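For reference, the structure discussed in these notes is given below.
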Amino acid sequence: MGIVKEISEASSLSRRQDLLEATLDDEVILLSVERGYYYSLDDIGSDIWRRMETPCRACDLFEALSRDYDADATQIAQDVLPLLREMASEGLIDVGD
Amino acid sequence: MADHRICGWHVRSAIPLPEAAPWPGGGSPDIDIRLGDAAGSLREPVGGRHGEDYVDADGSVLFTAPGVAHYRVRGGREVIVEPAAGASVADLRTYLYGTVLGLLCHQRGLLPLHAGAVAVGDRAIVVAGDSGAGKSSLTAALVRQGARLLAEDLCPLRSIAGATGGAGVHVLPSVPRFRLKQDVMEHLSLMPAGVGTTAKKIAIAWPPDLLAPQTRPTVVYGIARTRTAERARVERVTGLAALEMVRGAIFRWELAHAMGRSGAALRAAAALVTHVPCFYLWRTDTLSGLEETAAMLLERESASC
Numbered sequence: 001m002g003i004v005k006e007i008s009e010a011s012s013l014s015r016r017q018d019l020l021e022a023t024l025d026d027e028v029i030l031l032s033v034e035r036g037y038y039y040s041l042d043d044i045g046s047d048i049w050r051r052m053e054t055p056c057r058a059c060d061l062f063e064a065l066s067r068d069y070d071a072d073a074t075q076i077a078q079d080v081l082p083l084l085r086e087m088a089s090e091g092l093i094d095v096g097d
Numbered sequence: 098m099a100d101h102r103i104c105g106w107h108v109r110s111a112i113p114l115p116e117a118a119p120w121p122g123g124g125s126p127d128i129d130i131r132l133g134d135a136a137g138s139l140r141e142p143v144g145g146r147h148g149e150d151y152v153d154a155d156g157s158v159l160f161t162a163p164g165v166a167h168y169r170v171r172g173g174r175e176v177i178v179e180p181a182a183g184a185s186v187a188d189l190r191t192y193l194y195g196t197v198l199g200l201l202c203h204q205r206g207l208l209p210l211h212a213g214a215v216a217v218g219d220r221a222i223v224v225a226g227d228s229g230a231g232k233s234s235l236t237a238a239l240v241r242q243g244a245r246l247l248a249e250d251l252c253p254l255r256s257i258a259g260a261t262g263g264a265g266v267h268v269l270p271s272v273p274r275f276r277l278k279q280d281v282m283e284h285l286s287l288m289p290a291g292v293g294t295t296a297k298k299i300a301i302a303w304p305p306d307l308l309a310p311q312t313r314p315t316v317v318y319g320i321a322r323t324r325t326a327e328r329a330r331v332e333r334v335t336g337l338a339a340l341e342m343v344r345g346a347i348f349r350w351e352l353a354h355a356m357g358r359s360g361a362a363l364r365a366a367a368a369l370v371t372h373v374p375c376f377y378l379w380r381t382d383t384l385s386g387l388e389e390t391a392a393m394l395l396e397r398e399s400a401s402c
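For the protein sequence lines, the chains are A and B, in the order given. Numbering-wise, the numbering used here puts 28 at position 28 of the first sequence, and it's gapless, one number per residue. Numbering-wise, the numbering used here puts 244 at position 147 of the second sequence, and it's gapless, one number per residue.
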């Protein structure tokens, strides 16, 4: 998908608008009609996707996840950043400053 | 002008629709089909051009059936037909019962599938597939073995708002007719009551009072031209594969996407496959195998009750 901007705590994250979304067996399914690809998000990915219904800052996302999963925010960031990078790389989300 | 009942809608049409049931009463129509200038008042097609088709900014569609007519389908309520010189009424109807009906479904929030459907008691069997895959023949064979016709080519599904689980989707009764190749028609002993012609198939009217009422779907079979075998068999399909099987059968998917309706259609397809078991169906390529296949599907339905 090309070069993706590095994600930092201050990065703004937003869903790409050219995807269709559905729920299948409680998981979020995304379809890129132009590319003809489906993406299936697991529980965590589905949760993160739903939290990005409106654009948010990465730090706010980590904080909310930390609170709701009762986990250390630094650990959350370490765990979630690879997923966010992959979502950005696949063209599911946009990353801004 | 005459008033008809199609998919439960009150349809008023300036084009004769002899196959359709009459509308049992008065009131204002849900859908108005009239003759006129189909392209008139078409604004700049911001939705884009798709082959010969245009999607207007308000989601209305102007499409052209070459040699037959221009059709404008607007707001799920209005159809304007501009016939080409020499077009037959039968050909005008073919596109009304096909693409126009499909676009109306999208605009009215229904999910139109390329599928045949029959009712067995209060359960519906849906057979989805592209043109030429054999769904019309199989649907006719199912009807000849006692199932009630719901749809033969365009199968409208409606989600019931607020309903949960499998109770939330219904197959609506569609157009009471079959379009079959001559050899299939003869093999199934279906006598034509009315004839309209396309290049390869003959249209046969089916008594509208024999249509089943709206029925809950309990199984979806996906057939394809390449999915053939010596003996008919089925294979369960789940998850994304099932979703793609149904999505691939959505009527005029590209136009639905240009109209901004593909998201709703995809969610309806996901709801369907979540609650209704889906199977690939390998069909036989022979006329004699057609009835065996229909019998197998009916037997499976009885066994699952």
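Glycine residues also receive a C-beta, built at the ideal position from the N, C-alpha and C atoms. This one's a predicted model, so the numbers in the text were calculated from it and none came from an experiment.
{"Item": "Chain-ordered chain A contacts of H354 (chain B) [CB-CB under 9 Å]", "Value": "L20, V33"}
{"Item": "Residue range of the unbroken beta strand (DSSP E) whose run includes T381 (chain B)", "Value": "No beta strand (DSSP E) contains T381 (chain B), which DSSP labels as neither H nor E."}
{"Item": "DSSP three-state assignment for S110 (chain B), whether helix, strand or coil", "Value": "strand"}
{"Item": "Residue-chain proximity (R364 (chain B), chain A), Cβ-Cβ < 8 Å", "Value": "yes"}
{"Item": "Contact set for L31 (chain A): own chain, Cβ-Cβ below 7 Å, skip 5 residues either direction", "Value": "L19, L20, Y38"}
{"Item": "Residue range of the alpha helix (DSSP H) that includes T191 (chain B)", "Value": "186–192"}
{"Item": "Proximity below 8 Å, CB of V268 (chain B) to CB of T236 (chain B)", "Value": "no"}
{"Item": "Delimiting residues of the beta strand (DSSP E) encompassing V331 (chain B)", "Value": "330–334"}
{"Item": "Residues of its chain near L285 (chain B), where Cβ-Cβ distance is below 7 Å and the 5 sequence neighbours each way are ignored", "Value": "A237, A238, R241"}
{"Item": "Nearest-angstrom Cβ-Cβ length linking A329 (chain B) and R380 (chain B), presumed shorter than 8 Å", "Value": "6 Å"}
{"Item": "Chain B contact for S40 (chain A) (CB, 8 Å cutoff)", "Value": "yes"}
{"Item": "Sub-8 Å separation of R313 (chain B) and A221 (chain B) beta-carbons", "Value": "yes"}
{"Item": "Against chain A: residues of the region 338–353 of chain B by CB proximity under 9 Å", "Value": "A339, L340, E341, R344, W350, E351"}
{"Item": "Candidates B:R205, B:A181, B:D280, B:T196, of which the one nearest L387 (chain B) by Cα", "Value": "B:D280"}
{"Item": "Beta-carbon separation (whole angstroms), G156 (chain B) vs M356 (chain B), contact threshold 8 Å", "Value": "5 Å"}
{"Item": "Segments of 4+ residues assigned as alpha helix (DSSP H) that fall wholly inside the region 169–228 of chain B", "Value": "186–192, 198–204"}
{"Item": "Continuous beta strand (DSSP E) stretch holding D100 (chain B): start and end", "Value": "99–103"}
{"Item": "Near-chain A residues of the region 217–233 of chain B - C-beta to any C-beta below 8 Å", "Value": "none"}
{"Item": "Enclosing alpha helix (DSSP H) for A58 (chain A) [first to last residue]", "Value": "58–69"}
{"Item": "Close-in-space but distant-in-sequence residues of the same chain around R303 (chain B) (CB under 7 Å, 5 per side omitted)", "Value": "At residue 303 (chain B) the sequence reads Trp, which differs from the Arg that was named. If we look at W303 (chain B) and ignore the five residues flanking it on each side, its Cβ neighbours are L246, P273, R274, F275."}
{"Item": "Inter-residue spacing [alpha-carbon to alpha-carbon] between S125 (chain B) and T54 (chain A)", "Value": "42 Å"}
{"Item": "8 Å Cβ cutoff, D25 (chain A) in contact with chain B", "Value": "yes"}
{"Item": "Reduced DSSP secondary structure (H/G/I, E/B, other) of D97 (chain A)", "Value": "coil"}
{"Item": "Proximity below 8 Å, CB of L189 (chain B) to CB of V165 (chain B)", "Value": "yes"}
{"Item": "Span separating the alpha-carbon of G183 (chain B) from that of T335 (chain B)", "Value": "48 Å"}
{"Item": "C-beta neighbour in chain B for I29 (chain A), strict 8 Å", "Value": "yes"}
{"Item": "A244 (chain B) to R255 (chain B) span [Cα, whole Å]", "Value": "21 Å"}
{"Item": "Interface residues of chain A facing T371 (chain B) [CB-CB closer than 7 Å]", "Value": "L24, D25"}
{"Item": "Segment limits, beta strand (DSSP E) that includes T23 (chain A)", "Value": "20–24"}
{"Item": "A77 (chain A), enclosing alpha helix (DSSP H) - first and last residue", "Value": "73–89"}
{"Item": "Interface residues of chain A facing S359 (chain B) [CB-CB closer than 7 Å]", "Value": "L20, V33"}
{"Item": "Cβ of A206 (chain B) within 8 Å of any chain A Cβ", "Value": "The sequence as given places Gly at residue 206 (chain B); Ala does not occur at that position. G206 (chain B) does not count as touching chain A."}
{"Item": "The ligand ZN heavy atom lying under 7 Å from the CB of I128 (chain B)", "Value": "The ligand content of the structure shown is nil, which means the ligand ZN is not present either."}
{"Item": "Partner residues on chain A for S367 (chain B), Cβ-Cβ distance less than 7 Å", "Value": "The amino acid at residue 367 (chain B) is misidentified as Ser; the sequence shows Ala. Neighbours of A367 (chain B) on chain A, chain order: A22, T23, L24, I29."}
{"Item": "Minimum C-alpha distance to G319 (chain B) - residue among B:L251, B:E327, B:G345", "Value": "B:G345"}
{"Item": "Within chain A, the residues that G137 (chain B) reaches when beta carbons sit closer than 9 Å", "Value": "Here the premise fails: no neighbours, minimum Cβ distance about 30 Å."}
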